[in-house]
Amino acid sequence: MTHAQRSQRLLERNGIVSSLVKAPVNLTRSGCGYALILRRHGAEGIRILKDADMLSGKIYEKNNDDWREVASDLS
Amino acid sequence: MIYLDNAATSFIKPPSVYQAVRNALMCASNPGRGAHQTAMNAAKIVYDCREAAAELFHMDDPSRVVFTSNATHALNIAIHSLVRPDSRVLVSGFEHNAVMRPLYASGCKLQIAGRRLFDSQAVYADFQNKIKAADLVVCTHVSNVFGFELPIDEIAALCRTNAVPLVIDASQSAGLLDIDMRRLGAAFIAMPGHKSLFGPQGTGILLCGQEGRPLLYGGTGTNSASPDMPELLPERLEAGTMNVPGIAGLLAGIRFVRDRGPEIIHAYEQNLLNVLIDRLSEIPRLHLYTDPDRRQGGILSFTVDNTDSESFCEALSRKGIAVRGGLHCAPMAHQSAGTEKEGTVRISLSPFTDVSQLEQARRAVRELTEL
Chain A
0 MTHAQRSQRL LERNGIVSSL VKAPVNLTRS GCGYALILRR HGAEGIRILK
50 DADMLSGKIY EKNNDDWREV ASDLS
Chain B
0 MIYLDNAATS FIKPPSVYQA VRNALMCASN PGRGAHQTAM NAAKIVYDCR
50 EAAAELFHMD DPSRVVFTSN ATHALNIAIH SLVRPDSRVL VSGFEHNAVM
100 RPLYASGCKL QIAGRRLFDS QAVYADFQNK IKAADLVVCT HVSNVFGFEL
150 PIDEIAALCR TNAVPLVIDA SQSAGLLDID MRRLGAAFIA MPGHKSLFGP
200 QGTGILLCGQ EGRPLLYGGT GTNSASPDMP ELLPERLEAG TMNVPGIAGL
250 LAGIRFVRDR GPEIIHAYEQ NLLNVLIDRL SEIPRLHLYT DPDRRQGGIL
300 SFTVDNTDSE SFCEALSRKG IAVRGGLHCA PMAHQSAGTE KEGTVRISLS
350 PFTDVSQLEQ ARRAVRELTE L
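Listed in order, the protein sequences are those of chains A and B.
Per numbering that gives the first Met the number 0, the very first residue in the first sequence carries number 0; after that it's consecutive.
Per numbering that gives the first Met the number 0, the very first residue in the second sequence carries number 0; after that it's consecutive.
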């Protein structure tokens, strides 16, 4: 969770708002994890995290309760 | 009661600390265990505290700030991470039992460097002579008995040069002296939250310069399907439910220290201590343990001729003065100073101490020595 919080703070400092949520169990590889949801500025947020070497896990597109994987093995 | 036992625990806290503990009890539950509002409130408090500690101790990554229940817990994790039965460990002559007992329990080979009280040069020279035969150095920053400030920057540089990991016990310095993790390059720095960081009892911090080995195993709220502890810090070293009200208080305490400035607090206590030393020096039968340069923060130990320190402290307590006698859980420090037989009376100050309180303490000490 701390990693997600740290990423969220970095995005905040760059003016990007995100929501910290519990990830669906079927999406986490070892059970219980957190996800950051960016409703806007997704590409910019990903770039910021990547530049800071803080991008890990997977990226999904979320539509209501549907999570569609769009990138993986980011760490 | 006049409280002068701040080296044990800072009993008087900034008002914001009491308020933060109360607020946390009313609005924060369990961090990392859910996404509902009270869990997220708790998670925010914990992360804010990690960030505040990382900033105060010059660390880039808040996830390397691990919360513990006290400095002893933090030191046990550090020692458990680095020491094996065949390790050769070099310690100063002023270590607390929080360092010595886990080292003894590990079965490692112990060597002591630097036993001359208030002689930083001699301490450094002894470390220099012995470091080649060491796999690890564990060193207190400031003696909890005498306030003696060990030359930690120089010892850290020696460790870096010789590629020997360093564990620092910052129990008496955190919140008062500049502790720069980047500059020191220590493997671990351990500290309590309840002394000069003004958090409640039951809080501590381990700053991790390297990966640690878990001392406790259990739930972390993440990676739950795995039988192993998570690989990532801080969760790797934080099994079980956290002391969120305590951490909330610690956050308020750290902000108090940050806003006032550790160097300002330290200078205030040092000035008070100078006043105290000058006034107690006039009392016959007292022997004060003082640094010639008066670099001993807010801690002063003294002995009274032919008087047991515990009995003297009990008598002071009856007069409303709270100080601590005996060996202060640091028998080796007393052996180094030659005070192991009777112990010492220790007065320790805080930013909430004032001169009028010191004057009342002086009067009480004087009256007791005249009996």
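Where a beta carbon is used, it is the ideal one built from N, C-alpha and C, also for glycine.
Asked	Found
Less than 9 Å separating the beta-carbons of Met39(B) and Leu19(A)?	yes
Do Pro30(B) and Met0(A) count as a contact pair if the criterion is CB distance below 9 Å?	yes
Quick check: the Cα distance between Ile276(B) and Ser195(B), rounded to an integer number of angstroms?	21 Å
Kindly indicate if chain A contains any beta-carbon less than 9 Å away from that of Ser15(B).	no
Report the option in Val16(A), Ala3(A), Ala70(A), Val69(A) whose CA atom is closest to the CA atom of Ala34(A).	Ala3(A)
So for Glu153(B), helix, strand or coil by DSSP?	helix
Are Leu74(B) and Asp168(B) closer than 9 Å when you measure CB to CB?	yes
If I measure Cβ to Cβ from Leu250(B) and keep anything under 7 Å in the same chain, skipping five residues before and after, which residues do I get?	Ala19, Ile44, Asp47, Cys48, Ala51
Between which two residues does the alpha helix (DSSP H) carrying Phe311(B) extend?	308-317
Which of the three DSSP states, helix, strand or coil, is assigned to Thr139(B)?	strand
Step through the CB atoms of chain B and report whether any lies within less than 9 Å of the CB of Ser29(A).	yes
Would the region 302-320 of chain B count as touching the region 77-87 of chain B if we require 3 or more Cβ pairs under 8 Å?	no
Can you check the region 70-135 of chain B for any beta strand (DSSP E) of at least 3 residues that lies completely inside it and give the ranges in chain order?	87-91, 108-112
Rounded to whole angstroms, what's the CA-CA distance from Glu341(B) to Asp304(B)? Just pull it up for me.	10 Å
For Ser223(B), which residues in chain A fall below 8 Å Cβ to Cβ?	Ser29, Gly30, Cys31
What number of angstroms, rounded off, separates the C-alpha of Asn63(A) from the C-alpha of Ala238(B)?	33 Å
Anything in chain A within Cβ reach of Leu231(B), meaning under 7 Å, just list it in chain order.	His2
Closer than 8 Å, Cβ to any Cβ of chain A: which residues of the region 22-37 of chain B, in chain order?	Pro30, Gly31, Gly33, Ala34
Could you check which residue in Ala124(B), Phe117(B), Ala121(B), Ile78(B) has the C-alpha nearest to that of Ala106(B)?	Per the sequence presented here, residue 106(B) reads as Gly, with Ala not at that position. The shortest C-alpha separation from Gly106(B) is found at Ile78(B).
If contacts are defined as beta-carbon pairs under 8 Å, then Phe404(B) and Pro14(B) qualify, I think. What distance do you get, rounded to the angstrom?	A query on residue 404(B) cannot be resolved here, the shown segment of chain B reaching from 0 to 370 and no further.
Determine contact between the region 135-146 of chain B and the region 159-179 of chain B, defined as no fewer than three beta-carbon pairs at a distance below 8 Å.	yes
Leaving out the 5 sequence neighbours to the left and right, which residues in its chain are closer than 8 Å to Asp60(B) when beta-carbon positions are compared?	Ala53
If you compare alpha carbons, which of His333(B), Cys312(B), Glu358(B), Val256(B) is closest to Gly192(B)?	Val256(B)
I need the straight-line Cα distance from Asp95(B) to Leu102(B), nearest angstrom please.	Here residue 95(B) is His; the residue named in the question, Asp, does not match the sequence. Between His95(B) and Leu102(B), the C-alpha separation is close to 11 Å.
For the region 261-270 of chain B and the region 56-70 of chain B, state whether three or more C-beta atom pairs, one from each stretch, are separated by less than 8 Å.	no
Just the C-alpha distance for Ser172(B) and Leu231(B), rounded to the nearest angstrom, thanks.	28 Å
With a threshold of 6 Å on Cβ separation, who are the neighbours of Leu367(B) within its own chain once the five nearest residues in sequence on each side are excluded?	Ala314
Where DSSP assigns a beta bridge to Glu68(A), which residues make up the other side?	Tyr59(A)
Return yes when the Cβ of Ala189(B) is within less than 9 Å of the Cβ of Ala70(B), no when it is not.	yes
Is the distance from the Cβ of Met53(A) to the Cβ of Arg5(A) below 9 Å?	yes
Would Val16(A) pass as an interface residue toward chain B - the criterion being a Cβ-Cβ separation below 9 Å?	no
By DSSP, does Pro330(B) sit in helix, in strand, or in coil?	helix
Within 10 angstroms of its Cβ, does Pro23(A) collect 16 or more other Cβ (buried), or is it exposed?	exposed
In whole angstroms, give me the CA-to-CA distance for Lys181(B) and His57(B).	Reading the sequence as shown, one finds Arg at residue 181(B) and not Lys. Near 6 Å, if we compare the C-alpha coordinates of His57(B) and Arg181(B).
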